[in-house]
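Here is the structure we will look at, set down as structure tokens.
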Amino acid sequence: MTRLDAIRGRTPGQDHNARSIAALAANPACDRRAVLDAAAIDKPLLMKRLRFDDRWGQSPFAIQRNQQFTDLVKANGAAHLLRLLRGLLGLPIEEAGYVNLEDVGGAEGHAARHGHTRRIIRQTAEGRGRATILDRPLLRLDVAGARVYLEPDVIAFQLGGMFHIVAIKSFAILDDQADTPKVSAAAREAAVYVHALRDLVGADLVSHDVILICPKDFTNEPTATTVDVRHQLVTLARQLSRLTRIDAILDRLPEGFSLDLDRLSPGEIEAAVAAVPARYAPQCLSACELSHLCRKEAHLNEQVDALGRVVRDDLGGIESVTAALRVATPGEPVAADQAEIAERLRHVARIYDEAVA
Amino acid sequence: MSLLHSYVKVRARERGRALPRATVRHVHLAEAPMVFVPLRLAGEAAAPLGAMVGTDPRHPTLLVVPQPRNRDLRFQFLADLGAVLLPYIDRISRQVETVEAKTPFERCLDAPQIVVPSAGGVEFTAKLGRSSRFRRTTGPYAVDPAVPVLGRWLTFLAEQSEFAGSSLMVAMTDLLTAHWVTGQSAVEDGDLAALLGWIDPPEGMTGAEAAALADDPLTPPAGPDTHPEFDRQELQKAIAHYDETGSTGQVEKALDGQLRPTWDRMWQAIGLLSALKESPGATSRWERDRVHVAMHRAWIDGGGLPQGKRDSAVAAAKRLARLEAAQQSFEAARAFDDPLVMAEYRADGVAFAGEVVAVDLTRRIVPPGGKREVPRPLVTIETSDPVRLSRGKKVRSPSRPRQSATITSLSDRMITLQIDDGMGRGALPAEGSVPGVGTVICYTELDPGESRRAPLPPREETPWTHGGPPPEYVPTDDDAVEPWS
């Protein structure tokens, strides 16, 4: 049993997915998220045990819509998908093999499923010539020195030895335009799969152009576009490399540190979470299940970070609300390195009071 | 954003209550604004779920789509919405005056104003407009005649809202954050309930406590997206009940519960905003809004086509130039109308205020390109603001907006300006035309005047770099019979 398994204890672990990797990589300085993710702690369960409300669920209507659309694209041996790929890649694909990698012949467990994915992908890569659609491959990634499996919700398409990641999303492309935040999120997630697949078959065999399949306008008709994720790949690789080695963080934790959600009392869970430093910013609210807990903590400590990155940057190194207001008060002694910001803050304090009066 | 804004945020946090960001209201509030709180079905691009709409806080109209996946019911919803909005728009925009000018133009006496809770509401309105303006009222998939007209107005209003300072369609969270600074982040300010919690908390509660209350999942979100938990616990059952029995009661009850709190907050917010005095700039921007409404009214009445799906190259360039000009003049006008807004520019060094310490009224020079000597008096101002303007910069003062000046020298705390115009025709500047010693005055590089627009070619002369002249847009049957999910 590894140290990480020991932390999780008997509680079942939770799979990583591309979204969670992207979220982790977006805040590489957060030890708390790094430890919880590496130990596969069930974060929604943790929040539930601490009596925070669950707000991470997806609407049943959205799930249903997504499922419907995905089924449509994959129906009849992915006929729609093939038609779109022909047009998009300009390839004379007569027919393609279809392999559902979820079907492992009874074998269970991630390792077995990943082994199966790996075998089939290698075979496919060597089998060249024949186009193949690989549905739901279980890929693996090293994150901060821990081995994580990615929830398989993509398709890998192989032709002539070259792989493409295909992401099926149910947000609409309206008049050839889609919501920017949704496309960026899809690109960031797809980049995680490209990265993981490149680990497996080599960088030059996986295209940086991912294929995004979405409904067209207000219809259910699928349409395909390629999205270049080179930028997202570079960012991801840099952020993954910046993640502190998980061993180094674990070394700093108290002896016998445990987050066994089934065994600990809420009070003990709270104390354990508090023992791992977090780095909260308001952006966490849309990316991390723990954000409400961290926000509460940040406000208790009066951290200016909780007011947003702009405020934090503007205040140039002043960390707490009280410190900022003290520095802005004329006559209060300030440290030499804060003399400049103190002068500017006192000026704005004065002109604000004048203007309000 | 400025250092001043960040500082006030910190102060609001400590005080537990929002602080003012403006001393006057920089947006026009109509006598009877139309409040529109729409909801959409999760996972769909433009499937309306319901809305609360109306001009009377006590009597909102509740519209629901009992089965949002049913196309006919969606268009029934749009027809019902049209029955509320179109008479309101018509009644107001039919009364037109002619403004005397070199080319006389028409202006509505008043204009419609639609207020939605957040930017998401504006975006959803635009999608509703896009989904309805091309519909046909005859033949296959025919819709109620109100639907395409409503679609054109919704599209027009959503497009106008992109112009800074337009008050035709406004998002309440944007209005509130323009007038108050809360002790929470910008992300959290996007939530109407939390934002109002900071600005106007219930008796005996701090802003932070009230905002935390708003964060409770039991507090319905302001839309257009509903809470997933609500979808799971209530909505799904209510829709299933409709499918079984054909009775809309449960869906109506569920959506009323979701919409009512936001509806009440919208009027609470309108009350807060109307307590502020309207700025002169807001009034004149509203005049321009009234001209735009009159133009659109005339276009529709004259049989003009619905707005195309995409702009042509020239139209897009023109629109961009207009957006930029509106942004620039809006920012400047706000600062000129409000010393508190100007303070943000002073904190950033593009404006300064201080006392006039010396004036040279007798200075005369021959201006570049001129022949005669003219008065160009110098005014020296002492300021403690961190000025970041440079020599030669043209500046203006809110107290003398028609007069321009040029910075001639800057030294520690002392700034000397040359007054360039507005001094009469005499050998010496006219009495009172130059600020006197002891006057406290503010100057800035901002200019609220209309900026000149870049000349753009007519559409027939669109250069080849931009695809050449575009084909005339003609709506086709394809537009109208888009297959629907």
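Respectively, the protein sequence lines represent chains A and B.
61 is the number that numbering that gives the first Met the number 0 gives to position 62 of the first sequence; each next residue is one higher, with no gaps.
416 is the number that numbering that gives the first Met the number 0 gives to position 417 of the second sequence; each next residue is one higher, with no gaps.
Note that the Cβ used here is the ideal one computed from N, Cα and C, for glycine as well.
Residues near residue i in its chain [Cβ-Cβ closer than 8 angstroms; skip 5 each side]
i	result
residue 179 of chain A	none
residue 502 of chain B	No statement about residue 502 of chain B is possible, as the shown extent of chain B runs from 0 to 484 and does not include it.
Bridge-paired residues (DSSP) for residue i
i	result
residue 417 of chain B	B:377, B:405
residue 13 of chain B	For residue 13 of chain B, which the question treats as bridged, DSSP gives no partner whatsoever.
residue 132 of chain A	A:97, A:156
residue 61 of chain B	B:51
residue 162 of chain A	A:157, A:205
residue 223 of chain A	A:212
residue 24 of chain B	B:277
residue 37 of chain B	B:50
residue 354 of chain B	B:381, B:439
residue 145 of chain A	A:142
Spatial neighbours of residue i in its chain, beta-carbon cut-off 6 angstroms, leaving aside the 5 residues before and after
i	result
residue 165 of chain B	159, 288
residue 277 of chain B	24
residue 258 of chain B	36, 51
residue 340 of chain A	315
residue 357 of chain A	There is simply no residue 357 of chain A to check, as chain A begins at 0 and stops at 356 in what is shown.
residue 484 of chain B	Note that residue 484 of chain B scores 38 on pLDDT, short of 50, meaning its location in the model is unreliable and no value can be drawn from it.
Under 7 angstroms by beta carbon: chain B residues contacting residue i
i	result
residue 65 of chain A	42
residue 367 of chain A	No information on residue 367 of chain A is available, as it lies outside the stretch 0 to 356 that chain A covers here.
residue 281 of chain A	184, 186, 187
residue 313 of chain A	2, 5
residue 44 of chain A	Result: empty, since nearest Cβ-Cβ is about 17 angstroms, beyond 7 angstroms.
Interface residues of chain A facing residue i [CB-CB closer than 7 angstroms]
i	result
residue 308 of chain B	174
residue 318 of chain B	In chain order: nothing, as chain A lies at least about 15 angstroms away.
residue 403 of chain B	In chain order: nothing, as chain A lies at least about 24 angstroms away.
residue 339 of chain B	354, 355
residue 8 of chain B	306, 310
residue 99 of chain B	Correct list: empty, because the minimum Cβ distance to chain A is about 39 angstroms.
residue 130 of chain B	217
Interface residues of chain B facing residue i [CB-CB closer than 8 angstroms]
i	result
residue 32 of chain A	Going along chain B, no residue has its Cβ under 8 angstroms from residue 32 of chain A, so there is no contact; the nearest lies around 18 angstroms.
residue 169 of chain A	42
residue 344 of chain A	2, 6
CB contact flag (residue i, residue j, <8 angstroms)
i	j	result
residue 222 of chain A	residue 154 of chain A	no
residue 92 of chain B	residue 363 of chain B	no
residue 269 of chain A	residue 17 of chain A	no
residue 355 of chain B	residue 437 of chain B	yes
residue 324 of chain A	residue 13 of chain B	yes
residue 461 of chain B	residue 311 of chain B	yes
residue 382 of chain B	residue 351 of chain B	yes
residue 235 of chain A	residue 272 of chain A	no
residue 344 of chain A	residue 322 of chain A	no
residue 145 of chain B	residue 210 of chain B	no
Contact set for residue i: own chain, Cβ-Cβ below 7 angstroms, skip 5 residues either direction
i	result
residue 482 of chain B	Its pLDDT being 49, under 50, residue 482 of chain B is placed unreliably in this model, and the coordinates cannot settle the point.
residue 429 of chain B	422, 423
residue 244 of chain A	143, 144
residue 19 of chain A	36
residue 241 of chain A	27
Neighbouring residues, chain A, relative to residue i (Cβ below 8 angstroms)
i	result
residue 231 of chain B	56, 58, 59
residue 235 of chain B	59, 60
residue 19 of chain B	355
Within chain A, partners of residue i - CB distance below 9 angstroms
i	result
residue 385 of chain B	342, 343, 346
residue 216 of chain B	52, 53, 54
residue 213 of chain B	Ordered by position in chain A, no residue passes the 9 angstroms Cβ test against residue 213 of chain B, which lies about 13 angstroms from the chain.
Distance cut-off 7 angstroms: residue i Cβ against heavy atoms of the ligand NAD
i	result
residue 179 of chain A	The ligand NAD is not part of the structure shown, which contains no ligands of any sort.
Listed by chain order, chain B residues near residue i by CB distance under 9 angstroms
i	result
residue 327 of chain A	6, 9, 10
residue 303 of chain A	5, 8, 9, 12
Query raised in the report: Between the segment 251-259 of chain A and the segment 271-282 of chain A, do three or more beta carbon pairs fall short of 8 angstroms?
Result: With a cut-off of 8 angstroms, the segment 271-282 of chain A and the segment 251-259 of chain A count as touching, because enough Cβ pairs lie within range.
Meets three-Cβ-pair contact criterion under 8 angstroms: the segment 214-230 of chain B and the segment 116-126 of chain B: Three or more beta-carbon pairs drawn from the segment 214-230 of chain B and the segment 116-126 of chain B are found closer than 8 angstroms, and the two stretches are therefore classed as touching.
Do the segment 20-37 of chain B and the segment 328-338 of chain B make contact, defined as three or more Cβ pairs closer than 8 angstroms? By the Cβ rule, the segment 20-37 of chain B counts as touching the segment 328-338 of chain B, because three or more pairs are nearer than 8 angstroms.
**Q.** Cβ pair count under 8 angstroms reaching 3, the segment 380-390 of chain B against the segment 408-416 of chain B
**A.** In short, these stretches touch, since the Cβ pair count reaches three.
If you pair each beta-carbon of the segment 321-336 of chain A with each one of the segment 305-324 of chain B, do three or more pairs fall below 8 angstroms? Counting C-beta pairs with one atom in each stretch, the segment 321-336 of chain A and the segment 305-324 of chain B have fewer than three that are closer than 8 angstroms, which means they do not touch.
*For the segment 63-71 of chain A and the segment 295-308 of chain A, state whether three or more C-beta atom pairs, one from each stretch, are separated by less than 8 angstroms.*
Counting Cβ pairs under 8 angstroms, fewer than three are found: no touch.
I'd like to know if the segment 115-125 of chain A and the segment 186-204 of chain A are in contact, where contact means that at least 3 CB-CB pairs between them fall below 8 angstroms.
Enough Cβ pairs lie closer than 8 angstroms, so yes.
Mind the definition here: the segment 68-75 of chain A touches the segment 159-173 of chain A only if three or more C-beta pairs lie below 8 angstroms; say whether that holds. Taking a cut-off of 8 angstroms for Cβ pairs, the segment 68-75 of chain A and the segment 159-173 of chain A touch, as three or more such pairs fall below it.
Would you call the segment 25-44 of chain B and the segment 200-211 of chain B in contact, with 3 or more CB pairs under 8 angstroms?
-> Output reads no: the segment 200-211 of chain B does not touch the segment 25-44 of chain B.
Margin query: Pairs of beta-carbons, one from the segment 171-189 of chain B and one from the segment 99-108 of chain B, closer than 8 angstroms: are there three or more?
Written below: Fewer than three beta-carbon pairs drawn from the segment 171-189 of chain B and the segment 99-108 of chain B are found closer than 8 angstroms, and the two stretches are therefore not classed as touching.
* To do: Indicate whether the contact test is met: 3 or more Cβ pairs, each with one atom in the segment 253-262 of chain A and one in the segment 38-48 of chain A, closer than 8 angstroms.
  => Touching, per the Cβ criterion.
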